[in-house]
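Trainee: Going by the working numbering, the first residue of the sequence shown is number 15, and it counts up by one from there.
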Amino acid sequence: MNKLKFLILYPFSFFLFSEDVEPYVISYENGEVEIQGQFQNGLQVGTWKAFYENGSLKEKAEWSGGELEGEIESFYEDGKNQSIGNFKKGFQTGKWSYFHITGFLESKGSFIEGLRSGDWTFYDDQGSIKSRGLFENNRENGPFVYFYSNGKEESKGSFIEGLRSGDWTFYDDQGSIKSRGLFENNRENGPFVYFYSNGKEESKGSFIEGLRSGEWAFNDDQGNLKGRGLFENNRENGPFVYFYSNGKEESKGFHKNGIKIGIWEHFNAQGKFIFNTKYINK
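1. Let's test the definition: count the other Cβ atoms within 10 Å of the Cβ of ALA64 and tell me whether it reaches 16, buried, or not, exposed.
2. Give every residue of the same chain whose Cβ lies closer than 8 Å to the Cβ of GLU91, excluding the five residues on either side of it in the sequence, and list them in chain order.
3. Taking THR116 as part of the beta strand (DSSP E), name the residues at either end of that continuous run.
4. Taking the alpha carbon of ASN200 as the point to measure from, which residue in SER179, HIS114, TYR208 has its own alpha carbon closest?
5. Return the chain-ordered list of same chain residues with a C-beta closer than 6 Å to the C-beta of GLY60, the five sequence neighbours on each side being excluded.
6. Just the Cα atoms here: how many angstroms apart are TYR208 and SER259?
7. Report the option in GLY224, GLN236, ALA231 whose CA atom is closest to the CA atom of ASN212.
8. Name the one or two DSSP bridge partners that ASP133 has.
9. Helix, strand or coil: which one does DSSP assign to TYR185?
10. Give the range of the beta strand (DSSP E) segment to which VAL297 is assigned.
11. Could you pull the DSSP bridge partners for TYR38 from this structure?
12. Apart from the five residues on each side of it in sequence, which residues of its chain come closer than 6 Å, Cβ to Cβ, to TYR266?
13. Give the range of the beta strand (DSSP E) segment to which ILE275 is assigned.
14. Buried or exposed for ILE288, going by 16 or more other Cβ atoms inside 10 Å?
15. Quick check on the DSSP output: the beta strand (DSSP E) that includes GLU67 runs from which residue to which?
16. Determine the DSSP secondary structure at THR291, reduced to helix, strand or coil.
17. Which residue wins for smallest C-alpha separation from GLY93, given the options GLY117, TRP110, GLU81?
18. Hey, how far is the Cα of GLY228 from the Cα of GLU246?
19. Under the DSSP definition of a beta bridge, which residues are partnered with TYR160?
20. Excluding the 5 residues preceding and the 5 following LEU18 in the sequence, name in chain order all residues of the same chain whose CB lies nearer than 6 Å to its CB.
21. Count the other CB atoms within 10 Å of the CB of ALA283; is the residue buried (16 or more) or exposed (fewer)?
22. Report the rounded CA-to-CA distance for PHE161 versus ASN155, giving the unit in angstroms.
23. Compare the C-alpha of SER131 against each of SER145, GLY241, LYS109 and name the closest.
24. What separation, rounded to the nearest whole angstrom, lies between the Cα atoms of ASN385 and LYS144?
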């Protein structure tokens, strides 16, 4: 069941087991009513209300035989709506809406037996859409899209049981693709490509369980190859080559655990060998 914080969502025990409807009231120290409702046969029935200490309505709910049954509304202290929806046999069911204290919608969607199900949409406190996607058994399950406050897509892809899975694409706030690749169990796993804002490829390679692995290539913002080499566990590990913008080799050698090792060769922009550098790592 989705957690809501107010007292009348939870059943009370009552010492009188009468078939007659018995009123029930709890008051604040200042005399204002905090909770009011009624019992029958020791079970909550009918309309129950909770109030703030200033007397404004906090929540109104319907009970039947000790279980929430029917519409329930909750409110902020200034009277604005906080949530509205329905219960059936004590569980949230059907369409629900939640609101920010600013008055704008915070989220809307449906519940089945207390669990988020189907299409849900989420908004920021100024009413701009933040995300939209599918739930099953209270977890993201299916296509999902996230948005910037200007309405542009921030990312989109799919979830399986609450975890990012399959192909995902990420954008900047102007709609240009920043990256695209595969996820498994909420981590990058498989080929990935990163882009500059002008659409040119910045880098590409593969991940294994969220870590760069295998061959990666890096380009400048005009698409010219800058470097190429091997990664293991997210660090450069193996042969690496760096290039001038004209495609000539600038330097080449080996990395181990992200550190240059051994002899590195250096060349000028015309491809002519210049000198060697020897790296000694203790």
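Here a beta-carbon is modelled for each residue, glycine too, at the ideal position from N, C-alpha and C.
Mentor: So, to answer that:
1. Here residue 64 is taken as the residue at index 50 of the sequence shown, counted from 1. Result: buried.
2. Position 77 of the sequence shown, counted from the start, is the residue given in the question as residue 91. Closer than 8 Å at Cβ, skipping near neighbours: TYR66, ASN68, SER70, LYS72.
3. Within the sequence shown, the letter at position 102 stands for residue 116. Per DSSP, THR116 is not a residue of any beta strand (DSSP E), being assigned neither H nor E.
4. The count along the sequence shown starts at 1 and reaches residue 200 at position 186. Nearest option by C-alpha distance: SER179.
5. Here residue 60 refers to the residue found at position 46 when the sequence shown is read from its first residue. Cβ within range, chain order: GLN52.
6. Numbered from its first residue, the sequence shown carries residue 208 at position 194. Numbered from its first residue, the sequence shown carries residue 259 at position 245. The alpha-carbon atoms of TYR208 and SER259 are separated by roughly 19 Å.
7. Start at 1 with the first residue of the sequence shown, and residue 212 comes out as number 198. Taking only the C-alpha atoms, the option nearest ASN212 is GLN236.
8. Indexing the sequence shown from 1 puts residue 133 at position 119. BP columns for ASP133 point to LEU148.
9. Taking the sequence shown and counting its residues from 1, one reaches residue 185 at position 171. Strand at TYR185.
10. Residue 297 is absent from the structure shown; the chain starts at 15 and stops at 296.
11. Counting from one through the sequence shown, the residue named residue 38 turns up at place 24. DSSP, once it has assigned bridges, lists GLY51 as partnering TYR38.
12. Residue numbering aside, residue 266 sits at position 252 when the sequence shown is read from its first letter. A small fix is needed here, since residue 266 is Lys in this sequence, not Tyr. VAL255, GLU279.
13. The count along the sequence shown starts at 1 and reaches residue 275 at position 261. Run containing ILE275: 273-281, per the beta strand (DSSP E) assignment.
14. Working through the sequence shown from its first residue, we reach residue 288 at position 274. Classification of ILE288: exposed, given that the 10 Å Cβ count is below 16.
15. Position 53 of the sequence shown holds residue 67. Premise fails: GLU67 is in no beta strand (DSSP E) and is neither H nor E.
16. Here the question's residue 291 lines up with position 277 in the sequence shown. Strand.
17. The residue given as residue 93 occupies position 79 in the sequence shown. When each option's Cα is compared against that of GLY93, the closest is GLY117.
18. For the purposes of this step, residue 228 is identified with residue 214 of the sequence shown, where counting begins at 1. For the purposes of this step, residue 246 is identified with residue 232 of the sequence shown, where counting begins at 1. Cα to Cα, GLY228 sits roughly 6 Å from GLU246.
19. Position 146 of the sequence shown holds residue 160. Paired residue(s): SER145, SER169.
20. For the purposes of this step, residue 18 is identified with residue 4 of the sequence shown, where counting begins at 1. Any reading at LEU18 needs caution, since the residue's pLDDT is 41, under 50, leaving its predicted position unreliable; the model's value is listed next. Around LEU18: no qualifying Cβ.
21. The residue given as residue 283 occupies position 269 in the sequence shown. Its Cβ having fewer than 16 others within 10 Å, ALA283 is exposed.
22. Taking the first residue of the sequence shown as position 1, residue 161 is located at position 147. Taking the first residue of the sequence shown as position 1, residue 155 is located at position 141. Using only the alpha carbons, I get a separation of about 18 Å.
23. Within the sequence shown, residue 131 is the residue found at index 117, counting from 1. Looking at the Cα atoms, LYS109 is the closest of the given residues.
24. Here the chain comprises residues numbered 15 to 296, so residue 385 is not present and cannot be evaluated.
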